[in-house]
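Numbering (the numbering used here), first residue to last: 492 to 757.
All C-beta atoms, glycine included, are put in the ideal place defined by N, C-alpha and C.
All values derive from a computational prediction rather than experimental measurement.
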Amino acid sequence: MRDRRPVGDLAALLGRCSAVAAFTGAGISTESGIPDFRSPGGVWTRYDPRDFTFSKYVGSRDVRLRAWAMRREFWATEPRPNAAHLALARLEAAGRSIGVVTQNIDGLHQAAGSATVAELHGTSREVMCIGAAPRVGTPDGCGFRASTRWAFDRIDGGEGDPACPSCGGLVKSATVSFGQNLFPGALEAAVDLLARADLVLAIGSSLQVHPAAGLPAAAARRGVPLVILNDEPTPLDVLATLVVRGRAGAVLPPAVDGVLAGRPVA
Ligand code: NAD
492 MRDRRPVGDL AALLGRCSAV AAFTGAGIST ESGIPDFRSP GGVWTRYDPR
542 DFTFSKYVGS RDVRLRAWAM RREFWATEPR PNAAHLALAR LEAAGRSIGV
592 VTQNIDGLHQ AAGSATVAEL HGTSREVMCI GAAPRVGTPD GCGFRASTRW
642 AFDRIDGGEG DPACPSCGGL VKSATVSFGQ NLFPGALEAA VDLLARADLV
692 LAIGSSLQVH PAAGLPAAAA RRGVPLVILN DEPTPLDVLA TLVVRGRAGA
742 VLPPAVDGVL AGRPVA
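See below:
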């Protein structure tokens, strides 16, 4: 069903549910100033994500230097949670949501106050040792992990491509790059969360990146209502109970606040 009353229809569905699971993609963070893959003038118009595959990162110091520069550029904007992240956190705090499964690596759900967040693609807030010569697509590090600030401090100290202080291996952002396997347990945590949901709310995802996009699809095929809030069509619209075409930061907060206040939303 395509919406006629975006906020009111969403609020009506949310109001009937007590175990909402959000599934979020890059689109929920564009209103925090973090570009998705399509945003004009965004970071992805200056860096080609295909240059940062796991094997290229492992094989080339030059690629690693550019990857650190990209990370630095990303965090220099000091992104903060926007109204949509905050609305999801309020829904969870009120006991109406069981948490968030996210494809994002920006940590903004936790910054907004969401307590249960399954990060399918890791986090760019931390770095990790991936070993000296990891097997194709799989980190093989010693377990060293630190904040991304640690890496920036080492780079500022003259170490262009910081090495693991414990074993000398390569250090990489704790994210899942192209050509890299998901971290052990990440998919299982996301599947577990969605299995307990009585409504799946997909927000700001093109629903084209797999295996992540298969999760809301599987929930819908099990008969769990699926709401898609996105500013453009997605391949899963045909499976959705409700498709809301709009900006996450404009639609979600009034819907959530109406539900939490127990008042009808137009
Ligand atoms: P995507 O870039 O493929 O799709 C984002 C979708 O959100 C698009 O359909 C876009 O039209 C829509 N959108 C943009 N702004 C919106 C808004 N304000 N309200 C509603 N819809 C909006 O994103 P994806 O599906 O998450 O896949 C991209 C991959 O890249 C992910 O795997 C993710 O790991 C990574 N990524 C993460 C970030 C981040 O952490 N913030 C940013 C860019 C890319």
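Three-state class that DSSP yields for residue i in the structure shown
i	result
residue 667	coil
residue 564	helix
residue 738	coil
residue 501	helix
residue 588	strand
residue 756	coil
residue 732	coil
residue 703	coil
residue 727	coil
Under 8 Å between C-beta atoms of residue i and residue j
i	j	result
residue 578	residue 592	no
residue 554	residue 543	yes
residue 614	residue 562	no
residue 691	residue 502	no
residue 621	residue 661	yes
residue 627	residue 551	no
residue 695	residue 574	no
residue 726	residue 699	yes
residue 710	residue 505	no
residue 618	residue 668	no
Residue environment, residue i, which counts as buried when at least 16 other CB atoms sit within 10 Å
i	result
residue 729	exposed
residue 600	buried
residue 707	buried
residue 679	exposed
residue 556	exposed
residue 649	exposed
residue 702	exposed
residue 645	buried
residue 583	buried
residue 656	exposed
For residue i, the first and last residue of its enclosing beta strand (DSSP E)
i	result
residue 638	636-638
residue 513	511-515
Where the alpha helix (DSSP H) through residue i begins and ends
i	result
residue 715	Where residue 715 is concerned, there is no enclosing alpha helix (DSSP H), given that its DSSP letter is neither H nor E.
Mind listing, in chain order, the continuous alpha helix (DSSP H) runs of no fewer than 4 residues lying wholly within the stretch 672-699? 677-686
Alpha helix (DSSP H) segments (min. 4 residues) lying fully within the stretch 593-647: 599-603 and 639-647
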